[in-house]
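Sequential numbering of the sequence shown, starting at 9, is according to my numbering. For every residue, glycine included, the Cβ atom is placed at its ideal position computed from N, Cα and C.
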Amino acid sequence: MHNRLEDRTAPFDHYNDSISGGALTGILWHSNYKAVISIRDCVFSDNEVRNRTLGHGESTLVSWSTGGAIFLMFQNHTVNNTVQVLRTNFTGNTAGAIGGGLFVTFHQNAANNSIIVNDSLFFNNKAFVHSGGMGVYHDGFSINNGIYLNRVQFIRNYCFRAGG
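Okay, structure coming up:
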């Protein structure tokens, strides 16, 4: 049995968030439900997340914002889940740090999870540190997770360091 969350033909534009996922944040935590999350036929445009400074003096912390349009996290023994991004455009999104259009992270023993991106476009997204179009982070303790890209175009994405 698969659980399904689906959004069709939705425009996500001009959203702003201070930490992660300008338009959409998905966190799968300690989950073995074989969830299938589908994002189909959507447009994510001009969404933004900004770095924030928290505290002051010696206790100052700068939070790195990730996923200008979408931030996805698989964490704490999350296994056997799938996120599908189909026929979706990411245009003009901005992250203060990593993953201007989309940022995916696998943490703390996440295993056998999949991100599938098909027939999609990443155009003119930017991040100020890494991965202007799409970024992926894997902590080394998670295993057998996959990122599958089919007929995906990355055009004019930009970042200051690596992976435009």
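For residue i, which of the options has the nearest alpha-carbon?
i    : options              : result
L129 : G109, E56, N84, I123 : G109
A118 : N153, G76, C50       : N153
A103 : I151, I123, S139     : S139
I124 : T90, A135, K134      : T90
G148 : A43, Y41, Q116       : Q116
E56  : R164, L80, N40, A135 : A135
Check for me: the beta strand (DSSP E) holding residue i runs from which residue to which?
i    : result
N158 : 154-158
Y145 : 142-146
I124 : 122-126
Q116 : Per DSSP, Q116 belongs to no beta strand (DSSP E) and is neither H nor E.
I163 : 161-163
May I ask you to report which of helix, strand or coil DSSP gives residue i?
i    : result
S46  : strand
S53  : strand
T97  : This sequence places Asn at residue 97; Thr is not what is there. Three-state DSSP puts N97 in a strand.
Y41  : coil
T86  : coil
F111 : strand
I91  : According to the sequence as given, residue 91 is Val; it is not Ile. Reduced to three states, the DSSP call for V91 is strand.
F79  : strand
F136 : coil
T68  : With a pLDDT of 43 at T68, under the threshold of 50, the predicted position of this residue should be treated as unreliable, and no value is reported.
F130 : strand
A103 : strand
Determine whether the beta carbon atoms of residue i and residue j lie at a separation below 8 Å.
i    : j    : result
N121 : F114 : yes
T99  : N132 : yes
I173 : Q83  : Only positions 9 to 172 of the chain appear in this structure, which leaves residue 173 out of reach.
V137 : I106 : yes
F162 : G141 : yes
R95  : D54  : no
G76  : N97  : no
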